[in-house]
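Last residue of the sequence shown: 214 (the numbering used here), numbering continuous. Glycine residues also receive a C-beta, built at the ideal position from the N, C-alpha and C atoms. Since we're looking at a predicted model, the values are computed, not measured. Step one of this worksheet: look at the structure below.
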Amino acid sequence: MVFALVIMTGARAELTRSELDGVSLAPPAGASAPLSLTFRDIDNKRVTLREVIGGRPSLLLFMDFMCRPICGPALAERVTTLFRSNAGNVHGLTDALGYRYRYDAAADQFAHPAGALVLTSDGRVSRSLASLALNPTDLRLALVEAGGGRIGTFTDRLSLLCYGFDAAHGVYTPAIARRLKVLAGLTVIGVLGSIAILEKRRRTTKGVG
């Protein structure tokens, strides 16, 4: 499930450099979404975050309607459910998940991380994905991983064996190259070992003769 929470807060003065430096997506270890928080869906129905997730691995995006470069396309192509709430609930959720943003009154939009959070069925943060990872393959892999292999196809689970997660950049990257390097190193060691054994046998045979 992919759902978005619209960021809403009051206007304020232009951002300072230190405030911009504080914009980040860095969930603390063991971060978990407070599932008791309430939100309203597009029909103005009040629901809890627990009801929104519904026991399923989910992808959470914090969206700004005024953000044209990233949030607009994401809203149009990825989001299946849209929610909003008061500033207190939004802050409670973003603080718990390590999502730091600031409102820029001069630009009339939010300075916010370009990324998403993958939540397990019980609201724990499984991954944080950068905007570079917001493509169908990586999103699906992240949700499969969050579900512990309980969702997706067998091919998806095989793909997870061939992909590694680059925590520094928040994207899945092919791990095959790294594994091939390791195997190549082991092969070289094996070949050298075989040569040493054969050479020792040759010398032993020559000495006996």
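How about residue i and residue j: are their beta carbons less than 8 Å apart?
i      : j      : result
Ser63  : Leu134 : no
Thr97  : Leu42  : Per the sequence shown, residue 97 should be read as Gly rather than Thr. Yes, they are a contact pair.
Gly128 : Ala34  : no
Ser88  : Arg45  : For the record, residue 88 in the displayed sequence is Phe; it is not Ser. Contact: yes.
Leu121 : Leu65  : Checking the sequence, you will find Ala at residue 121 rather than Leu. Yes, these two residues count as a Cβ contact at 8 Å.
Using 10 angstroms around the beta-carbon of residue i, count the other beta-carbons present and answer buried if the total reaches 16, otherwise exposed.
i      : result
Ala31  : exposed
Ile58  : buried
Leu185 : With a pLDDT of only 46 at Leu185, under 50, the local geometry of the prediction cannot be trusted, and no value is derived from it.
Arg132 : buried
Ser90  : buried
Ala110 : exposed
Gly93  : exposed
Is residue i near the ligand PLP, in the sense that its beta carbon is under 7 Å from a heavy atom of that ligand?
i     : result
Gly59 : As for the ligand PLP, it is missing from this structure, which has no ligand bound.
Since I believe residue j is in contact with residue i (beta carbons under 8 Å), could you give me their beta-carbon distance rounded to a whole number of angstroms?
i      : j      : result
Pro118 : Tyr104 : 6 Å
Does DSSP put residue i in a helix, a strand or coil?
i      : result
Asp109 : strand
Ala121 : strand
Arg132 : strand
Asp46  : strand
Leu40  : coil
Ala147 : helix
Val28  : coil
Ala92  : helix
Ala116 : strand
Arg55  : helix
Excluding the 5 residues flanking residue i on each side, which residues of the same chain have their C-beta closer than 8 Å to its C-beta?
i      : result
Ala101 : Ala36, Ser37, Ala38, Pro39
Val52  : Thr43, Phe44, Arg45, Asp46, Phe88
Report all residues from its chain with a CB closer than 6 Å to the CB of residue i; omit the five preceding and five following residues, and keep chain order.
i      : result
Gly60  : Ser126
Glu82  : Unreliable placement is indicated for Glu82, whose pLDDT of 47 sits below 50; the coordinate value is still reported in the next sentence. If we look at Glu82 and ignore the five residues flanking it on each side, it has no Cβ neighbours.
Gly152 : Pro62
So, at 7 Å on beta carbons, what are the nonlocal neighbours of residue i in its own chain, with the 5 sequence-adjacent residues on each side left out?
i     : result
Ser29 : Arg105, Pro118
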